Amino acid sequence: MSEIALEVRNLTKIYSNTPALKGISFTVKKGELFSLLGPNGAGKTTTLRIITSLTKASGGTVLVFGKSLNEDEKIVKRRIGFVPQHINLDMELTVRENLLIHGLLYGMPLREIKKRTEELLEIAELKERGNSKVKELSGGLKRRLLIIRALMHSPALLLLDEPTVGLDPHIRRKIWGLIKQIQNSGTTILLTTHYMDEAELLSDRVAFIISGEIIAQDSPLNFIKKLGEYALDIFTDTGISTHYFKNKEDAEKALQTHTTYSNHVTLRKVTLEDIFVKLTERHL
Ligand SMILES: Nc1ncnc2c1ncn2[C@@H]1O[C@H](COP(=O)(O)OP(=O)(O)O)[C@@H](O)[C@H]1O
Ligand SMILES: [Mg+2]
């Protein structure tokens, strides 16, 4: 029996007549990393802000470990850590001071704050920079600090809003490592992203969200198995057509027939991007 960490039911949000969320539902199991994957304006940030009660929902319910925010706002809030998309650290203060302030805001005893600070600096490989002003840190280190700050009060559920937007490939990989490490230490994670590769690599399950609606949700592997694990891209004068195959032998046979008259054929593994393209084809 797996416990449910987060349950979102028929959530709606209307901003002055414009619907941003049209009744989305999903559950995140304890220990799971669940991603909301979708383009800009899909409603990802709105969903996270409602869960943390920064924004009020127009309708629907949110349960965090079985409790609603209206029931017990203080307790529910303490179980959630929120990493916003935009870096809102105090640039003039040091790394340790930023963590201290967060701990104090959450009413943690000083001794616990100190212990937790050192633990988290270790995890994020920031120990050497603990006494540096935040403004002196690189973008990647700031991002890492932003993430561990949300972990100061040891939340059981961590919400990460587009944690790697605009970062270079090396830094992205560092952040991915940190996120997986946080999950492995027992924290449940709800992540939003518009990067297909990020969602595929990190998630136990993914929900595709577009224009305030979840159009499909499953594990990356199940999505890929349903479509076929191999893809053949055939480039033509009019564009590109992709064919999907359940097994490699069939894909290779097809590849051979095509290469006889064209070089512009590629055999590759199917990715979540294929799933997205397939799912959204009929919307276009
Ligand atoms: N404070 C706001 N007032 C009015 N409209 C908003 C506000 N915040 C977001 N929206 C609109 O709601 C939709 C969803 O936005 P958002 O949740 O930020 O999407 P995402 O995070 O997926 O990019 C967008 O159309 C956006 O313009
Ligand atoms: Mg957003």
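In this text, residue positions in the sequence shown follow our numbering: the first is 26, and each later residue adds one.
Backbone N, C-alpha and C fix where the C-beta goes; we use that ideal spot for every residue, glycine too.
Everything numeric in this text was worked out from a predicted model, so none of it was measured.
Beta-carbon separation (whole angstroms), residue i vs residue j, contact threshold 8 Å
i, j, result
"Asp229", "Ser244", "6 Å"
"Val108", "Pro188", "6 Å"
"Ile14", "Leu58", "The question about residue 14 has no answer, for the chain in this structure spans 26 to 309."
"Leu227", "Ser41", "About 35 Å separates the two Cβ atoms, so there is no contact after all."
"Arg168", "Ile112", "7 Å"
According to DSSP, residues forming a beta bridge with residue i
i, result
"Val120", "According to DSSP, which records beta bridges pairwise, Val120 is partnered with nothing at all."
"Ala256", "Tyr269 and Arg293"
"Lys92", "Val89"
"Thr282", "None; Thr282 has no bridge partner."
"Pro44", "Ile39"
"Glu32", "Thr52 and Leu88"
"Gly106", "Leu183"
"Leu62", "Thr218 and Phe233"
"Lys158", "Thr119"
"Gly264", "Thr261"
Cβ shell of residue i (< 6 Å), same chain only, five flanking positions each side left out
i, result
"Glu32", "Thr52 and Leu88"
"Met26", "In this predicted model, Met26 has a pLDDT of only 49, less than 50, meaning its place in the structure is not dependable; the value taken from the coordinates is given anyway. Excluding sequence neighbours, Met26 sits near nothing in its chain."
"Thr305", "none"
"Thr212", "Leu183"
"Ile265", "Asp258"
"Asp193", "none"
"Asn95", "none"
"Lys13", "No answer is possible for residue 13: the residues shown for the chain start at 26 and end at 309."
"Gly315", "Shown here, the chain extends from 26 to 309; a query on residue 315 therefore has no answer."
"Lys152", "Leu146"
"Phe248", "Ile300"
"Ser78", "Leu94"
Chain-order list of residues whose beta-carbon lies under 7 Å from that of residue i (same chain, five-residue window excluded)
i, result
"Ser236", "Ala67"
"Gln110", "Thr70, Asp186, Glu187 and Val190"
"Gln206", "Ile148"
Of the residues the options, the one placed nearest residue i, counting alpha carbons only
i, options, result
"Ile76", "Ile207, Asn65 and Gly91", "Gly91"
"Glu277", "Leu129, His268, Leu292 and Lys158", "Leu292"
"Glu144", "Leu135, Met177, Leu166 and Glu122", "Met177"
"Ala181", "Asn272, Val101 and Thr80", "Val101"
"Gly56", "Ala30, Lys139 and Ser78", "Ala30"
"Leu114", "Glu161, Thr218, Ser179 and Ala241", "Glu161"
"Leu252", "Thr261, Leu146 and Lys294", "Lys294"
"Arg197", "Leu118, Gly165 and Thr261", "Gly165"
"Lys158", "Arg169, Arg168, Ala149 and Met116", "Met116"
"Ile126", "Lys199, His195 and Arg174", "Arg174"
"His268", "Glu274, Asp262, Asn156 and Ala256", "Ala256"
"Glu298", "Thr119, Glu225, Leu203 and Glu137", "Glu225"
"Leu170", "Arg136, Leu129 and Thr119", "Thr119"
"Leu73", "Glu28, Ala279 and Leu216", "Leu216"
"Lys99", "Gly132, Val231, Gln242 and Glu254", "Gly132"
"Thr261", "Gly84, His283, Lys303 and Asn272", "His283"
"Lys199", "Glu28, Lys273 and Glu150", "Glu150"
Neighbourhood of residue i by C-beta distance below 8 Å, restricted to the same chain and skipping five residues each side
i, result
"Pro44", "Thr37, Lys38 and Gly237"
"Phe301", "Leu62, Met221 and Phe233"
"Pro134", "none"
"Pro64", "His219 and Ile235"
"Thr86", "Glu32, Val33, Arg34, Asn35, Leu36 and Ser93"
Item to complete: Note down, one range per segment and in chain order, each beta strand (DSSP E) of at least 3 residues found wholly within the stretch 180–244.
Response: 182–186, 213–218, 230–235 and 238–243
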